[in-house]
Every structure is written in structure tokens, then in C-alpha cells.
């Protein structure tokens, strides 16, 4: 499963609960790729400032994870500027 741009828009309580259920169900069952521009410390803002849910979700996500941080200028912006 791939979740792209997590945190681009805030997630309400119902959406956060549903996403938690999906991630909990997939925990240790299948692969999950998440892309986001948000650092982990800002994730409670994504999930309606529910720090309990965010903590439980990150606990499952980070248990068997390999985090890749890509820093630098946006490739999309570079292409736009060069056009």
C-alpha cells in the first residue's frame, strides 16, 4: 500500500481513526510506503492534534521501518523554473 503526500491536508477524527485501523491491520502483514513533507514531530497536527492516536500510529509505523529523508529543492519547481 502506498500513501502519498500524507499531511498535505489535515485528517478529521473519523479519517484518522480509519487510517489507524488500516495501518494496524497491515502491521506486520504487508508493505507500506508513506511519502510526506512533514517531520514526525508535526504529525499530531495531521491527525486533529490527537497525540494518543499519533503516538500509537507512529509506534506501529516505525517499528520495522526504514526512513529515507530527501532534502533539497523540489524537482517539480526546478522543471517549472527551467521551462
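Residue numbers (our numbering): 17 to 99. Cβ atoms here follow ideal geometry from the backbone N, Cα and C, with glycine treated the same way.
For residue 29, the enclosing alpha helix (DSSP H) has its first and last residue at 29-42. Three or more pairs of CB atoms, one per stretch, sit closer than 8 Å, so the segment 74-90 contacts the segment 40-51. Around the beta-carbon of residue 49, fewer than 16 other beta-carbon atoms lie within 10 Å, marking it exposed. For the pair residue 32 and residue 58, the CB atoms are not nearer than the 8 Å cut-off. Residue 22 sits close to residue 62, with the two beta carbons spaced by under 8 Å.
In this structure, residue 51 sits away from residue 28, with a CB-CB distance that is not shorter than 8 Å.
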